Each structure stands twice: as structure tokens, then as C-alpha cells.
Amino acid sequence: MAESREAKGRKWARPRYVPRRKFCAFCKDKSEVIDYKEPEKLRLYITDRGKIAPRRKTGTCAKHQRLLASAVKRARHLALLPHAPVHIREAEGAGLRDSSR
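In C-alpha cells:
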């Protein structure tokens, strides 16, 4: 098996995908204030499940991630943002017994 690897001429394969470095949007705009009164801006940093998105996904720096987390928590406390996603009941409830019996 070692011979077939050397026969190809490549011992280590190059990574095919190199991720781009994400930059902090708050540092780029030089905006130090992350306001809890702007829920539409904060929604960009919340997942569809209602969780605060991690730094590796959003690209924010550590300083602004901390400020963002406290702003989101404050907005949730004042009911500007939901704590959890909206629950949608499906028609003809799944798993319920038939009541005609």
C-alpha cells in the first residue's frame, strides 16, 4: 500500500477548500455601541432556533461578541426578541389518537 502512495507522487493531499477569514462587522464600521433597542440588527446574530450565533459563524471579535450577547439578553428580557422560536402546531396533530373510536 505504501508503494501505491509513492507511485502517485503525492504523499499529502492539499486541502481543496480554504475557508475565508471573517471580519468583525462592528470593528469594520467602527461602531462601538451595540444597542439592544435595535432588534432587526440583533436578529442577524441569532439562529433560527433563537440561540446566539457563535463567533466562528458570525465572524465577530471577542469584545463585540460579549457586547452582542449582553445586548441580546437585555432585548430578550424586555420582550424585544423571543427567548425561543415560535411553535407551529401541525394540522391533524401528529401522534394523537383518533377520537371517533
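Counting in our numbering, the sequence shown runs from -1 upward without gaps.
Every residue, glycine too, gets a C-beta built ideally from N, C-alpha and C.
Keep in mind the model is a prediction, meaning the values are calculated, not measured.
Would you mind working out which of the options sits nearest residue i, comparing C-alpha positions?
i     : options                    : result
Ala67 : Gly48, Pro83, Val84        : Gly48
Lys55 : Lys35, Ala23, Ala73, Val70 : Ala23
Lys61 : Lys71, Cys25, Ala51        : Cys25
According to DSSP, which residues form a beta bridge with residue i?
i     : result
Ile32 : Answer by DSSP bridge pairing: none, since Ile32 is not bridged.
Are residue i and residue j close, meaning C-beta to C-beta below 9 Å?
i     : j     : result
Ala82 : Tyr34 : no
Ile32 : Ala69 : yes
Leu79 : Pro37 : yes
How would you label residue i, buried or exposed, when you count the other beta carbons within 10 angstroms and need 16 or more for buried?
i     : result
Leu40 : buried
Tyr43 : buried
Thr45 : exposed
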